[in-house]
Amino acid sequence: MDLSTLPAVTVLSDNVTIVEHEDVKLVRVIHEKANAAISLFGAHVVSYQPKGQQDLIWMSQQAKFDGKTALRGGIPVCWPWFGRIAAPAHGFARNSEWQLIEHRESEVGVIVSLGLSTNDNTLAVWPHRFDARLNVEIGDELKVTLEVTNTDSQPWKCSGALHTYLNVGDIHQAKTTGMGPEYIDSLQDGKVCQGGDELVLTDTIDRVYTQPEAVISVADAKLARTLTVENQGHNSAVLWNPWAEGAAGMGDMQDDGYLTMLCVESTLHAPSIEQGKELQPGESHQLLTTIAAK
Ligand code: TA6
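Numbering-wise, the numbering used here comes out as the position in the sequence shown, counting from 1, plus 70.
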């Protein structure tokens, strides 16, 4: 996504400005290591482009920047739940307005921190007190950390994901390794299946891999690069592509969008709210993903 031509609404430093795209404000980072953009709506990374590379992150050409609809593409922050186990789907974090807390920069890159905490809107859908922080480290790699803290007097449970849409040259020529031997197939009513090591997609896929390897790789023959994804604080990794029919059915994805994207997600999966990860009052959990091109 090219935001370089948008005028700055606020200049925070030589490297960091706030720009506006339709109804959404974005933190734009232009640094000698990499350019990036993060929407305040959803704390949503929409672009990460190390110097000399095409964007590692896919954004839909039809994403709705109306400040209400979750952005299609980028890295949606799915929290305090993953999937459709409650409404709204994938939790409220990706539909909430986050605050810019701080930005720091050095010769190795820029760190942008955004925050979201309990407010009337969150209490209306989830009756718990929390503090969430998204740290985005932009340099030779992109490291995204979601830290959530229970600020309530009672324990609560959550699940979630950093739902990364990777940008690939041609999905037919993208080979994924490291997803691990077992998956829950969302397209077969949650059936547990055994996986193969190397995946080249030929159809829609929506799987929760329960034992992913430390490094997941997507070898992209068309763009002549390999993307690596390293996750922490997760219990699984989701692989998703809606394929042609799915893309055609989505109002915010161009029909051929599925050809150039692949979601590889750092996931804290739970089949229900009750089966989520429990955090005691004062306790925090970090969910991370680190993405790089080699
Ligand atoms: O992570 C995969 C998934 O849960 C799929 O089931 C698919 O629906 C996708 O996320 C997108 O969800 P969304 O709510 O953004 O349309």
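Positions of the beta carbon are idealized from the N, C-alpha and C atoms, including for glycine. Being a predicted model, the structure only gives us computed values, none of them experimental.
Within the region 306 to 349, the alpha helix (DSSP H) runs of at least 4 residues that lie entirely inside it are, in chain order, 313 to 318. For the pair THR360 and GLY319, the Cα-to-Cα distance works out to about 31 Å.
For ASN301, the closest of ASP322, ARG277, THR234 by C-alpha to C-alpha distance is THR234. Within 8 Å of the C-beta of SER256 there is at least one heavy atom belonging to the ligand TA6. With a cutoff of 9 Å on beta-carbon distance, PRO158 and VAL115 are scored as not near each other. With 16 or more other CB atoms across the displayed protein chains lying within 10 angstroms of its CB, ASP290 is buried. By the Cβ neighbour-count rule, LEU257 is exposed, with fewer than 16 other Cβ atoms within 10 Å of its own. Linking THR87 to GLN264 through their CA atoms gives a straight-line distance of about 47 Å. Restricting attention to SER74, LYS103, ASP84, the CA atom closest to the CA of GLU90 is found in SER74. For ASN189, there is no enclosing beta strand (DSSP E), as DSSP gives it neither H nor E.
Between the region 177 to 184 and the region 306 to 315 there are fewer than three inter-stretch CB-CB distances shorter than 8 Å, so the stretches are not counted as touching. The beta carbon of VAL285 sits closer than 7 Å to those of GLY248, THR298, GLU300, all from its chain and outside the five residues before and after it, given in chain order. DSSP, read as helix, strand or coil, puts VAL89 in strand.
Rounded to the nearest angstrom, the gap between the Cα atoms of LYS121 and GLU207 is 15 Å.
For the region 225 to 273, not one full-length alpha helix (DSSP H) segment reaches 4 residues or more. Remark: C-beta atoms of THR246 and VAL288 approach each other more closely than 9 Å. Under the three-state reduction of DSSP output, ARG98 falls in the strand class. Distances taken from the Cβ of ARG174 to the heavy atoms of the ligand TA6 include none shorter than 8 Å.
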